[in-house]
Amino acid sequence: MNVLDLFSLTGQVAIVTGGARGLGRQAALALAEAGADVAICDLLEEEGQRTAAELAALGRRTFFGKVDVTRTDEIEAFVKQVVERLGKIDILVNNAGMPSDGLALDDEPDDAWRRMLDTNLSSMFYFGKRAAKQMIGQGQGGVIINIASINALVISNITPRHNVPYCVAKTGVAGLTRGMTADWAQYGIRVNAIAPGYIRTAQTAASRQYPEIVERIITNTPMKRYGVEEEMKGLVVYLASPASSFMTGSLVVMDGGTTIW
Ligand SMILES: NC(=O)c1ccc[n+]([C@@H]2O[C@H](COP(=O)([O-])OP(=O)(O)OC[C@H]3O[C@@H](n4cnc5c(N)ncnc54)[C@H](O)[C@@H]3O)[C@@H](O)[C@H]2O)c1
570 MNVLDLFSLT GQVAIVTGGA RGLGRQAALA LAEAGADVAI CDLLEEEGQR TAAELAALGR
630 RTFFGKVDVT RTDEIEAFVK QVVERLGKID ILVNNAGMPS DGLALDDEPD DAWRRMLDTN
690 LSSMFYFGKR AAKQMIGQGQ GGVIINIASI NALVISNITP RHNVPYCVAK TGVAGLTRGM
750 TADWAQYGIR VNAIAPGYIR TAQTAASRQY PEIVERIITN TPMKRYGVEE EMKGLVVYLA
810 SPASSFMTGS LVVMDGGTTI W
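Going by my numbering, the first residue of the sequence shown is number 570, and it counts up by one from there.
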């Protein structure tokens, strides 16, 4: 097979959580451009509808669902709707996530800790389990991509913000990715995680207000810049497609070199 054909997703059905904007929107556009029908969900209704219109303009079947990824009832209803409307699920991108409040651990409220772990880690289990059950039932395998972070490998070194609850959640995402691999490889489901470095999205907007933090990140990044959200597209299609057919359980870093030091 010609190598470029290995990247085709024609006939596949994908879900992208947090697909309304940022990296999730780019992931959804990339999967659709590669040929997949793509359902997206998010808390943000207006932006979600706008992104769904962009996906439809590519000639793909698509719809937006308002889902809080910490609510298992809402996830269950959305997964059911995807199967009813698009026929099956082949690909899940667990992307929805929230930024850290930047507080030191000694000041972190217990509720904020719980919310972080539920939103950035447990949601990927809630969604992954339900999508995997559907994939197992279909009997054709599938692909799950969990969006982790370089903070799955290192604690954020942008003093005075270390964002520890966020880092712990993302470290959990790397572990969950290996765990899903262990349990679901037997069904032909490949599970990989992406570990982006610092990318210019709404998530990094708060910390980008501090010139000293921006300077520190640029200094620590060999490529001397933040990533832009479009740089997510190639890796998502690679991991979602047969081009990566022998890859599972991996955490793939995409960070302009920040973690080489
Ligand atoms: N931007 C970065 O530098 C960076 C680096 C590493 C990892 N990431 C990860 O990439 C993913 C996407 O982030 P982004 O940078 O595009 O930020 P973003 O804020 O633009 O996108 C996150 C999306 O998730 C949605 N979301 C948040 N909580 C949700 C919930 N409970 N239910 C449903 N949707 C919810 C938001 O509404 C938003 O649309 C996140 O998991 C984030 O942690 C981002």
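Here a beta-carbon is modelled for each residue, glycine too, at the ideal position from N, C-alpha and C.
Note that this is a predicted model, so its numbers are computed, not measured.
Is it the case that the CB of Gly587 approaches a heavy atom of ligand 1 more closely than 7 Å?
yes
Is Ser725 a contact residue of ligand 1, with contact defined as CB to any heavy atom under 7 Å?
no
Report, in whole angstroms, the separation of the C-beta atoms of Thr579 and Gly604, which I expect to be a contact under 8 Å.
4 Å
Integer Cβ distance of Ala583 from Val607, believed to fall under 8 Å
5 Å
Taking 7 Å as the line, does the beta carbon of Tyr767 fall inside it for any heavy atom of ligand 1?
yes
Determine the closest residue to Glu614 out of Ala597, Arg590, Ala626, with distance taken between C-alpha atoms.
Of the candidates Ala597, Arg590, Ala626, Arg590 places its Cα closest to the Cα of Glu614.
What number of angstroms, rounded off, separates the C-alpha of Ser776 from the C-alpha of Thr827?
17 Å
Hey, Tyr735 and Asn720: beta-carbon distance below 8 Å or not?
Cβ distance < 8 Å, so Tyr735 and Asn720 count as in contact.
Which term fits Lys702, buried or exposed, when burial requires 16 or more other beta carbons within 10 angstroms of its beta carbon?
exposed
For Asn720, three-class secondary structure by DSSP
It is helical.
Among Ala738, Asp637, Val585, which residue has its Cα nearest to the Cα of Leu600?
Val585
Is Leu655 close to ligand 1? I mean its beta-carbon at under 7 Å from any heavy atom of the ligand.
No - ligand 1 has no heavy atom lying nearer than 7 Å to the Cβ of Leu655.
Comparing alpha-carbon positions, which option in Ala673, Gln709, Arg594 lies nearest Gln618?
Arg594
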